[in-house]
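Asker: Here it is: the structure, laid out below.
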Amino acid sequence: MVPRPDEQPGQAHILLVEDDVLVRFVVADRLREAGLAVIEAATADEALSYLAAGGRVDLAFTDIEMPGSMNGVGTRRKTQIDRA
């Protein structure tokens, strides 16, 4: 499953990567209240799937310690390599 944001014209797209569902819910809610489109991912793998599918991201906000194939630092490195 590829996460999709609720889009409105002119919105910035924030990729929120956080494995703790309660933290992710609160942060996503606050970002949406600020008028931002939020793409939620529980793992780096979900975030990378969204990016590989051509998803738009203006800013990534990621947890550092997460389960899965890589942590937040690895996610940042991977996305820099793929977009270079």
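At position 27 of the sequence shown the residue is numbered 13 (our numbering), and the sequence of numbers has no breaks.
Just so it is clear, CB atoms sit at the ideal spot from N, CA and C, and this is done for glycine as well.
All values derive from a computational prediction rather than experimental measurement.
1. State the CB to CB distance for the pair Val3 and Thr61, rounded to an integer number of angstroms; the pair is presumed to be in contact (CB under 8 angstroms).
2. Let me check one thing: in DSSP terms, what residues is Thr48 bridge-paired to?
3. Cα separation between Val24 and Phe11?
4. On a Cα-Cα basis, can you pick out the residue from Ala46, Met52, Arg42 that is closest to Gly(-4)?
5. Using DSSP bridges, identify the partner residues of Ala23.
Answerer: On the basis of the data shown:
1. Contact between Val3 and Thr61 holds: their C-beta atoms lie close to 6 angstroms from each other, under 8 angstroms.
2. Val3
3. In a straight line, the C-alpha of Val24 is about 11 angstroms away from that of Phe11.
4. The residue with the shortest Cα to Cα distance from Gly(-4) is Arg42.
5. His(-1)
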